[in-house]
Structures are given as C-alpha cells and as structure tokens.
Amino acid sequence: MLPRAFIVDWNKKDWQETFANHLINDPIESLPELLPPQCGQYSTSRPSERGWINLRWRVACHNEVVFIAVDRGRFIAPYAREPHNQRKSYILKVVDYRVNTLSLSLTQTLAVPEKNCRNIPQCVARAAVDFLQEEAEKRYGYSFVLPASIQNGYFNDGRTLIDAALRYPHDINLWYVQNFFDKGRQHQEIFQPGGFDTFPLLCEQFSIEPTTALREAYNNHPYAIIMTRVLESLGIKEPKLIEPFLKLNKWNDKPIYEGLCDWGIYTYHCLFSHIFHQSWFTDDMGISHMLQQNNYFYRQSFPYIFFCQLLRQEIGEIKLAQRLLAQQMTDGDIFNKFAAVLFYNFHIIPIPWRRKIISSPLTEELYAELLAVIDTEKVQRCTFHYPPEIKACEGMVDGFEFRLISNSDEFTRMQRAITSCGNPKSPLLDGDGVVRLGIYKNGEIGGCLTLQGIFKIYCNNSGGIYEHTLLTAGLRIAVLHWLKATGLYKNYGPYFSTDYAYLSEDVQLLPLSSEQEGSELQ
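The sequence shown begins at -16 in the numbering used here and counts up one residue at a time.
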C-alpha cells in the first residue's frame, strides 16, 4: 500500500487527502502552499494561527510497522511597520519546522503515547488502521472488516481508533465493551488478539441468542449486546422495541458507558429478573422477603428492574418501551428516583397512588407529592414474634445490653434516634426472618443491630456515650462477643480478618439486670 498524506483545507478548517507526489514526498520547508493564506501578510488584528501548527500528516507502512508523521510549523505574529505606509500591523511568519513521528505495530501492547502525536484527525487514524488491518490479515490469515460503528459516532477520536485497532484488530468494537469483563482466563478467547468471530462469544457471556438482527445491531453499535441484556431484564425483549435504545448516548442522565456500568453487569452478567413475578406485587410478605434478601447485593439495579417489571405487568411491553425511551431522552434521573421510592416503600404506598404513578407522566412535582404521602401514611403497628431460641439471646456483654425490639413502632423510633441511620427504608413485617435488637449502655441507646443473612450495626453518632470512633469500635467488639456468646456467629457475617480474634475469645452472656423501661424510646 502506497504512503498517504493529508493536508489542511484552510477554507474548511479540515483535513483532506492529497494524491500529489510532491505534497506527499517533498520536505515541508519547500511547500509554501501548505502554509496558512495569512502567512506573510499584514493585518491590523492579531492572527489566530500562532505557535506550533500541524501542516501535514503522512502515513506509511514498512516491515510490518506503521509510521505516522506530522509536519509542524512554528508561527509568530510580531508587531511591525508596513513598508508602504509605515502603519504598525501584525505579520504572520513561520520561523521553525518540526516533524513528530509515531510507530505502530500489532506486537505493541501499550496505548498510543499522547505526547508523540496529539489530536490525530480521524481520517489520518483511519488510514493508519487500514495499514494495520492489512498487516493483521498477513499475520492471522483472515480478512478483517471494520464495523459500521465508525460511521455512527463511535471512534471519533483518532487516538481511540488506533488504540482499538492495535489491541483488538479482529473486532475494534471490543474497545467499548472491554471494561464489562475482567478479561481473565475465562475471557481470553474473546479479547486475545487474533481471535475472530467474537459476536457469538459475547452473546454467550450475556445469555443472549446470537440472532442475525442482533449481529447487525452490534456492528453498528458496540453496546448493542449489553443494552439488549439490560432491556430484557427490564421486560423489553422485542428487537424492534430495542432498536431505538441503541441510538441513545446517555442512560439515566449519564454517558452511556457509565449508566450501564451502574447496573454492575461486568460483575453479574445475568440480572436475575426472573425473581420478579406477579406474586411479588400482591404479597406483602413475599415482597418484603425479596427486598431484604437482595437489596444488599443489587441495590443499584433492583429498584429500576422492579419499577419496569411493574409497568410491564400493568401496561404491557410496547407501552413500557415507549415510556422508558421517552424518559431516557428527556429526564432519565426522575425515572430512577421513582424506582427507588417504589422499591423501598411499595408496601405502604396506597393502591390509588400506585395506579397514579403507573398512568401519569413522571415529574418532580409528582415525586414531591409521593414523598409527602409516604411521610404521612400511617404504618400499621406490627408486633415482632421471635422463636424461644432467639428470645434466649437477650443479655449483657461488655457492659452493653442487647434487647430484642418488640414491634415496628419501637424499631422506627429507635432508628430515628440514631443520626447515622435515619428512617428505615425496608418494609417492617413480622415473620420476615429478621432479628432486630436494641443495644444500650448505661440506660442510653448505643445502636441497633439487625440480623438477616448478614449483620448490620447502626451506631448512635450523637456523642451521647463516647466519642464516635471509640463508640464504633467498642460497639462492634461487643456485637462480636455477643454473637460468640449466643452461638449465632456461625449463622451471620461477613467478618473482617481482625474480627476472628474476638470471636475466638471465651465470653459469657450475662442476664439483663432488670426489665429496663428505657429500652423502648419514649
């Protein structure tokens, strides 16, 4: 392939390819026609073309190495007298020339150094990639085709296009999806240079059928497979409904990559949307159990999935897609807000309000009204019942009293008294498997403890007992000793490495000194 050169079109302020031999091969010093038209002319206004300016880009290949060279001129605009009228004006001059070069090879693993060639035009990068593709075909014996995504707004930055071609000559779209994978051994066949058809492998990772329509969509939009997986988890599975989403450049008011990453897809490739079915929306006990069990791991994606699955159940897949697309194109963040409120407060939101949210446009005004309804809605008092073996765990350890919380009112008042916790967000229902305890020190509340798969400690940070750091450390040690003394440490966690020293100590659970009336906040 012959060398290629690109020069500035000073009228259009853009680069264009030239095929004139002297413009390709002659030294830049002997090509005055490449200088700005203002060069050598006087002007009453100071020219904008000053400093180092790129005048010509050249691309060539030799011995499997692609070379990029940029010819630059250093321009100054001194203040001088015009020879005819002695009027002081600016005159643009070129005082120096320089050539910066960059070499590229498929054996390189590093990205393009920014200091060597800055602001590489896309047309120059495309020429370099053409050379790289030719070398890749020689190396791997396979014809590579650049995806249509280059014409669809992706790889607009020349350095990005070159970096992608160096790392993934077999599929440069991988540049946009690489961070959704750990690229460990289980993914080497996808990301290893020289791999070929990566599309079915990507679909396999995301549990998606590799259809012809999806292949075409991936060719045009690198995020097509990931977006399809996300939308399927939200209840939108029809390819024609998914297609408009592929043209979005934002998700939840964030750049598309950041918005999709919020779902944690690179950690959990399959979003477990199958856990949502109709019973979750009608059975308070079931929904409470589901929220408690899964909120710890999927707090980013579950509220959104929850809201979309609810909408799909009520208004159908087509209207869900239309509503979600319109929301993403206008204000994606408000959809997120409503999703979170519904997810955490579904059990106390009156049914007429649920219907209103489903049928009405989502606005900040409606959101404020919904919050007011939740704040004023009377939550029915719920008494917590514990089995005898749990009741036997009340006692005193390290000077802290551990008392079971008997009802939802007491739990709510206790959490409101703890400044680091605030109002409880999760539904409070008897029989949901959660053990809730108040922790007291010298008659004052020190915190509360919830046990359900994991243990969570909420400390009183108001400074009523100790300094914050001392309270937190002392309270955690007391909780660990209490878990050891009651034998419950085997059922709960997670533990830090330093915790096991305290869990190995012999600790005795002392009986409560009295039925302290202060255990229920007044």
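Note that CB positions come from ideal geometry on N, CA and C, so glycine has one too.
Within 10 angstroms of the beta-carbon of A108 lie 16 or more other beta-carbons, which makes it buried.
Annotation: the continuous beta strand (DSSP E) that includes L85 extends over K76 to L87.
In this structure, DSSP gives N474 a state outside helix and strand, which the three-state scheme calls coil.
A direct Cα-Cα distance of roughly 6 Å separates W(-2) from D(-8). For the pair E199 and P193, the Cα-to-Cα distance works out to about 10 Å. Between L197 and F174, the gap from beta carbon to beta carbon reaches 8 Å or more.
In this structure, the straight-line span from the alpha carbon of Y475 to that of C291 is close to 33 Å. The beta carbons of A111 and V49 sit about 5 Å from each other, so the pair counts as a contact at 8 Å. Positions of the alpha helix (DSSP H) runs, each at least 4 residues long and wholly inside the segment 102 to 137, are given as 105 to 123 in order along the chain. Secondary structure remark: continuous beta strand (DSSP E) runs of at least 3 residues inside the segment -2 to 74, in chain order: 34 to 45, 48 to 59, 62 to 64 and 71 to 74.
The beta carbon of E377 is closer than 7 Å to those of F385, R386, L387 and L495 in its chain, skipping five residues each way along the sequence.
Within the same chain, and ignoring the five residues on either side of Q491 in sequence, the residues whose Cβ sits closer than 7 Å to its Cβ are A468. The three-state reading of DSSP puts K(-4) in coil, since its state is none of H, G, I, E or B. Under DSSP, the beta-bridge partners assigned to F(-11) are E0 and W40. If you draw a straight line from the Cα of E65 to the Cα of P20, it is about 18 Å long. The continuous stretches of beta strand (DSSP E) do not include M210, which lies in the alpha helix (DSSP H) extending over residues A207 to L217. Considering only D180, Y287, V77 and N235, the residue with the shortest C-alpha distance to F127 is D180.
With distances taken between CA atoms, S72 lies nearest to P30 out of G34, T90 and P30. Under the three-state reduction of DSSP output, Q491 falls in the coil class, being neither helix nor strand. The criterion of a C-beta distance shorter than 8 Å is not satisfied by Q116 and G141.
A straight line joining the alpha-carbon of N425 with that of I460 spans about 17 Å. Annotated three-state conformation of K220 is coil, per DSSP. Proximity to H330 across T433, L243, G470 and I357 peaks at I357, based on C-alpha coordinates. Annotation for Q311: the continuous alpha helix (DSSP H) segment containing it runs E300 to T313. Considering only L434, F326 and A(-12), the residue with the shortest C-alpha distance to V417 is L434.
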